[in-house]
Amino acid sequence: MAGEETVVPQAAQRLAEFGASVTATAVVLNEANKTAIERKLTECANMAREKVLRQHMGGRSPTPAECREKKEFGGRVRTRAMFLGEEMHKVALACAELELSALRPGGFSREPRYRYNTDTRQRELISPEKEEALLEEGCYSELRGTIKPDIVIHAGNPLLPLLVYDFKFPCVSSAQIPWCKYKTGPHAGRWQNEVYQEALGVEPREILPWIGVTP
Numbered sequence: 001m002a003g004e005e006t007v008v009p010q011a012a013q014r015l016a017e018f019g020a021s022v023t024a025t026a027v028v029l030n031e032a033n034k035t036a037i038e039r040k041l042t043e044c045a046n047m048a049r050e051k052v053l054r055q056h057m058g059g060r061s062p063t064p065a066e067c068r069e070k071k072e073f074g075g076r077v078r079t080r081a082m083f084l085g086e087e088m089h090k091v092a093l094a095c096a097e098l099e100l101s102a103l104r105p106g107g108f109s110r111e112p113r114y115r116y117n118t119d120t121r122q123r124e125l126i127s128p129e130k131e132e133a134l135l136e137e138g139c140y141s142e143l144r145g146t147i148k149p150d151i152v153i154h155a156g157n158p159l160l161p162l163l164v165y166d167f168k169f170p171c172v173s174s175a176q177i178p179w180c181k182y183k184t185g186p187h188a189g190r191w192q193n194e195v196y197q198e199a200l201g202v203e204p205r206e207i208l209p210w211i212g213v214t215p
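Shown next as structure tokens:
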């Protein structure tokens, strides 16, 4: 198919190696598909920012001083920036799941958690049920070093990503926001996007309100 991503043949081969159905390889990506996905994700980011600011800031953007203010927000002590960002993420992810379910059913995952073995270069998908059970049992060390991107686009198998996206919500309007740098754990000192790319084999992209997709 003209315009298909060059990753598609390799993805089809790897799907076969994983024992996935051959029909799953039909759910491939071309530029039109990618553009539609990114447009919907950007719309979700825009809507999330507007909705949360209406609820908590009377519709206006917070000042830098308000962003830095630290007190109890949403039942926890944290900065206003952290609180607003978390609330926007919740709204954006729910929106993304709804839109992508219609646009690409079976071809995306919301907040999948992966464990990546740097020695074998193999990735493992941790199911939401297993993640919840580990958290309930207090086995936080079992999730140490795992990664959890916001949205992964695939051809039916989350272990074979085609596109990876993370929503970013700067408290003060900005055309760019840096990726996070891990402070502790096995990835300490490394940038989040570097770890994502190594573990998933795909360069991740940020989705910002009003800006859209950025490298």
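Under the numbering used here, the sequence shown has 20 at position 20, and the numbering climbs by one with no breaks.
By construction, the Cβ of each residue, glycine as well, lies at the ideal position given by its N, Cα and C atoms.
* Taking Cβ positions, are Cys95 and Cys171 nearer each other than 8 angstroms? -> no
Backbone secondary structure at Gln197 - three-state DSSP:
Assignment of Gln197 by DSSP, reduced to helix, strand and coil, places it in the helix class.
| said: Need the endpoints of the alpha helix (DSSP H) that Gly85 sits in, please. | reply: 80 to 103
* Does the separation of the CB atoms of Lys168 and Leu208 fall below 8 angstroms? -> Contact: yes.
Quick check on this structure: which residue in Thr120, Leu98, Ser174, Thr184 has the alpha carbon closest to the alpha carbon of Ile37?
Leu98
Contact under 8 angstroms by Cβ, Lys70 with Thr79:
yes
task = Tell me whether the beta-carbon of Ala199 lies closer than 8 angstroms to the beta-carbon of Ile126.
result = no
Selected residue, minimal CA-CA separation from Gln122, among Gly201, Thr214, Lys34, Lys40: Gly201
### Rounded separation between Glu111 and Ile151 - CA only
6 angstroms
**Asked** Do you know how far the Cα of Arg60 is from the Cα of Val52?
**Response** 10 angstroms
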